[in-house]
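Undergrad:
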Amino acid sequence: MGHQKIRSLRVLALGLSLALAMIGIFTWAPLGHADPSTDTVVDKSKKGSITVYSVEGGTIASAKSDGTEQTLSGATYLDGSTFKLTKHSTIDVSTLEGMKQAKELTLTGSFTEDTSFGNSGSMTGTTSGGKYKFDNLNPGVYKLVQTKAPKGKQLAAPAIVVLPLTNPQGTGFMYDIHVYPKNAAIGSIKKVNITPEGTLLKEGAKMTFKISVPIPKHDNGKKKFTEFTITDKPVSGLVMDTDGIIEVKFGTTTLTKNDDYTVATTSSTNVKVTLTNAGLNKLSADSSSTELTVKVQGTITGIASASNVTVKNSASYTYKLADGTNNGSDGDETSGDDDSKTTFGYIKIKNVSDDGTELNNGEFTVGKCNATGTDIEAGDANVVQSKATTAANVGPIGPLANTVKLCVKQTKAPGDYALNSQVTSFEFSDAVAKAATASSPKEITITNTKASDFLSKLPLTGGPGVIAFLVGGALLLIAAVATMVRKRRQDQE
1 MGHQKIRSLR VLALGLSLAL AMIGIFTWAP LGHADPSTDT VVDKSKKGSI TVYSVEGGTI
61 ASAKSDGTEQ TLSGATYLDG STFKLTKHST IDVSTLEGMK QAKELTLTGS FTEDTSFGNS
121 GSMTGTTSGG KYKFDNLNPG VYKLVQTKAP KGKQLAAPAI VVLPLTNPQG TGFMYDIHVY
181 PKNAAIGSIK KVNITPEGTL LKEGAKMTFK ISVPIPKHDN GKKKFTEFTI TDKPVSGLVM
241 DTDGIIEVKF GTTTLTKNDD YTVATTSSTN VKVTLTNAGL NKLSADSSST ELTVKVQGTI
301 TGIASASNVT VKNSASYTYK LADGTNNGSD GDETSGDDDS KTTFGYIKIK NVSDDGTELN
361 NGEFTVGKCN ATGTDIEAGD ANVVQSKATT AANVGPIGPL ANTVKLCVKQ TKAPGDYALN
421 SQVTSFEFSD AVAKAATASS PKEITITNTK ASDFLSKLPL TGGPGVIAFL VGGALLLIAA
481 VATMVRKRRQ DQE
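Numbering follows the UniProt record's numbering, with no gaps: position 404 of the sequence shown is 404.
1. Thinking just about the alpha-carbon of each residue, which of 284, 259, 158, 234 is nearest to the one in residue 265?
2. For residue 260, I'd like the list of residues in its chain whose CB is within less than 8 Å of its CB, leaving aside the five on either flank, ordered along the chain.
3. Would you mind stating whether residue 87 and residue 114 have Cβ atoms separated by less than 8 Å?
4. Look at the alpha carbon of residue 189 and the alpha carbon of residue 128, and state the distance between them as a whole number of angstroms.
5. Does the region 391-407 come into contact with the region 178-198, if we say contact requires no fewer than three beta-carbon pairs (one atom in each stretch) closer than 8 Å?
6. Answer yes or no: do residue 289 and residue 250 have a C-beta to C-beta separation smaller than 8 Å?
7. If contact is defined by three or more beta carbon pairs under 8 Å, each pair taking one atom from either stretch, is the region 350-357 in contact with the region 207-217?
8. Please give me, in chain order, every unbroken run of the beta strand (DSSP E) with length at least 3 that falls completely inside the region 196-254.
9. Exposed or buried, which one is residue 448 when buried takes at least 16 other CB atoms within 10 Å?
10. Could you give the DSSP three-state label for residue 440: helix, strand or coil?
11. Which runs of the alpha helix (DSSP H), 4 residues or longer, sit entirely within the region 367-418?
12. Does residue 284 come out as helix, strand or coil in the three-state DSSP assignment?
13. If you count every other CB in all the chains shown that lies within 10 Å of the CB of residue 494, and 16 or more means buried, which is it?
14. Compare the Cα-Cα distances from residue 93 to each of 363, 85, 153, 104 and report the closest residue.
15. Could you check the C-alpha separation between residue 119 and residue 84 for me, to the nearest Å?
16. Starting from residue 174, follow its DSSP beta bridges and name the residues at the other end.
17. Spell out whether any CB of chain C is found under 8 Å from the CB atom of residue 181.
18. Just grab the DSSP bridge partners of residue 364 for me.
19. Cα separation between residue 166 and residue 97?
20. In angstroms with no decimal places, state the Cα-to-Cα distance between residue 191 and residue 311.
21. Do you know whose CA, among 213, 262, 271, 254, lies nearest residue 231's CA?
22. Do residue 284 and residue 220 have their C-beta atoms closer together than 8 Å?
23. If you compare alpha carbons, which of 224, 223, 340, 410 is closest to residue 430?
24. Shortest alpha-carbon distance to residue 181 belongs to which of 452, 169, 158, 163?
25. Skipping 5 residues on each side, what residues in its chain have a beta carbon closer than 6 Å to that of residue 141?
26. Are residue 52 and residue 75 close, meaning C-beta to C-beta below 8 Å?
27. Flag this pair as yes or no: are the beta carbons of residue 78 and residue 153 separated by less than 8 Å?
28. So residue 294 and residue 245 are supposed to be a Cβ contact under 8 Å. How far apart are they, rounded?
29. Distance, Cα to Cα, residue 237 vs residue 49?
Right under this line is the structure:
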């Protein structure tokens with residue numbers, strides 16, 4: 001009878017180890033041990049270990065889910081992965097009833113933690129050389145959770161690990177277990193400046209960005225989405241508000257605010273989009289889309305007093321699947337190489353006379369040229385500064401497309417100089433803006449001619465002109481009279 005009970009226990013343990021290997025789950029597999037034991041009963045006094053290997057990628061073809069230590073060809077082991085181990089408080093794996101209870105445990109169900117285990121109920125460790133060993137463990141049921149993944153990698157799903165496990169030969173128990181959680185890449189957030197081409201970028205102007213978030217592998221069942229958030233996090237020179245979320249979309253599906261997602265501020269500048277259950281269901285049911293996009297609009301703010309201005313936007317996202325797979329609580333972006341950074345520049349007006357003498361006290365308006373480049377386009381949104389002088393820089397000004405130019409228009413001439421009526425247009429591209437710093441602004445020269453140079457060319461008018469004409473007329477009259485008198489004398493002779 002006793003032998004039959006032992007055989008039943010061994011069969012159940014073997015079945016449990018296979019079941020747990022299937023749970024190992026979703027991205028994990030409990031794999032391995034040191035030397036298989038030949039013990040046929042669980043020794044409650046024997047210490048064991050759980051060695052965790054953090055592996056890059058998804059499925060590893062050569063991996064076996066049997067709990068043994070393995071050499072995985074082509075696998076990349078990751079440092080910096082942090083894991084937390086907790087122990088169930090009541091399950092006794094040395095009994096048949098305990099094995100049954102362990103078999104019935106699920107990752108989504110209740111797990112009563114032993115508060116006397118480790119340090120306040122848990123042990124934590126971070127991989128070095130691709131692994132971390134939790135040692136000196138008593139037989140029991142453990143839950144292993146990854147709490148931090150390396151940058152750009154998703155957190156692996158939690159795993160239930162029973163110690164000991166039946167060895168692959170089915171002849172005894174092994175107390176040194178090896179598990180291989182797999183950290184798949186989560187992809188990079190892409191952020192692109194999609195502000196309309198003709199927009200004059202200055203303090204108070206609006207900028208629009210498209211944030212593209214990779215959608216991880218999922219299904220509409222055990223790996224359906226239970227959480228998905230996107231947070232816009234301006235770095236400098238930009239302020240967002242909840243009205244700035246223009247569109248949330250994946251594939252051909254455009255989500256509806258309040259029904260499919262909500263928007264809230266998480267700080268003075270950050271705005272967070274959270275998918276509702278309705279939105280999560282739509283995303284889970286989509287099997288073809290690879291990214292979710294959010295269009296956001298912010299206001300350029302606080303750049304007027306800066307010396308060298310960069311307006312930059314950033315974003316983060318978090319997701320969680322029903323099996324526990326997620327990309328971590330921080331959800332930081334994984335790449336800073338994007339098109340969300342815009343460098344602003346400055347111009348300096350130089351006013352000179354025809355001979356190159358520098359002039360002061362003139363006033364100018366700086367703004368975006370009209371389509372013909374002959375004047376500044378109407379509207380306050382197209383003016384950087386009015387009544388600008390030669391005494392200070394004008395700006396900061398954002399770059400313009402090559403098809404759009406900046407114009408400087410003189411509105412008041414200096415001193416006794418004539419007004420320059422022709423606007424000066426010039427390119428202010430991204431490259432020009434980056435080079436036009438506060439200490440080395442782009443110089444724009446405006447030339448004036450003395451008013452007297454024009455007056456000297458005018459016909460004689462006014463009081464002096466009238467006198468001159470009268471004198472001239474009198475002289476002509478005298479000459480005519482003299483000529484007549486001379487002619488009459490000649491006729492008399």
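Ideal placement from N, C-alpha and C gives every residue a C-beta, glycine not left out.
TA: Taking the structure as given:
1. Comparing Cα positions, the closest option is 234.
2. If we look at residue 260 and ignore the five residues flanking it on each side, its Cβ neighbours are 248, 275, 276, 278, 279, 282.
3. Yes.
4. Distance from the CA atom of residue 189 to the CA atom of residue 128, rounded to whole angstroms, is 28 Å.
5. They touch, by the three-pair rule.
6. Result yes, Cβ atoms of residue 289 and residue 250 sit closer than 8 Å.
7. Touching, no.
8. Runs found: 206-214, 225-232, 245-250.
9. Classification of residue 448: buried, given that the 10 Å Cβ count is 16 or more.
10. Residue 440: coil per DSSP, three-state reduction.
11. Counting only runs of 4 or more, we get nothing.
12. If DSSP states are grouped into helix, strand and coil, residue 284 belongs with the helices.
13. It is not possible to answer for residue 494, since the shown part of the chain is limited to 1 through 493.
14. Out of 363, 85, 153, 104, 104 has the C-alpha closest to the C-alpha of residue 93.
15. Cα to Cα, the separation comes out at about 11 Å.
16. DSSP lists 165 as partners of residue 174.
17. The question asks about chain C, but that chain is absent: this structure has only one protein chain.
18. Residue 364 pairs with 388, 410.
19. Answer to the nearest angstrom: the Cα atoms are 16 Å apart.
20. Taking the straight line joining both Cα atoms gives about 13 Å.
21. It is 271.
22. For residue 284 and residue 220, yes; Cβs fall inside 8 Å.
23. Measuring from the Cα of residue 430, the nearest candidate turns out to be 340.
24. Out of 452, 169, 158, 163, 158 has the C-alpha closest to the C-alpha of residue 181.
25. Hits under 6 Å: 88, 91, 102, 162.
26. No; because the gap between Cβ atoms is not below 8 Å, this pair is not in contact.
27. Their beta carbons are under 8 Å apart, which means residue 78 touches residue 153 by this criterion.
28. Contact holds; Cβ gap of about 7 Å.
29. Distance between the alpha carbons of residue 237 and residue 49 is about 52 Å.
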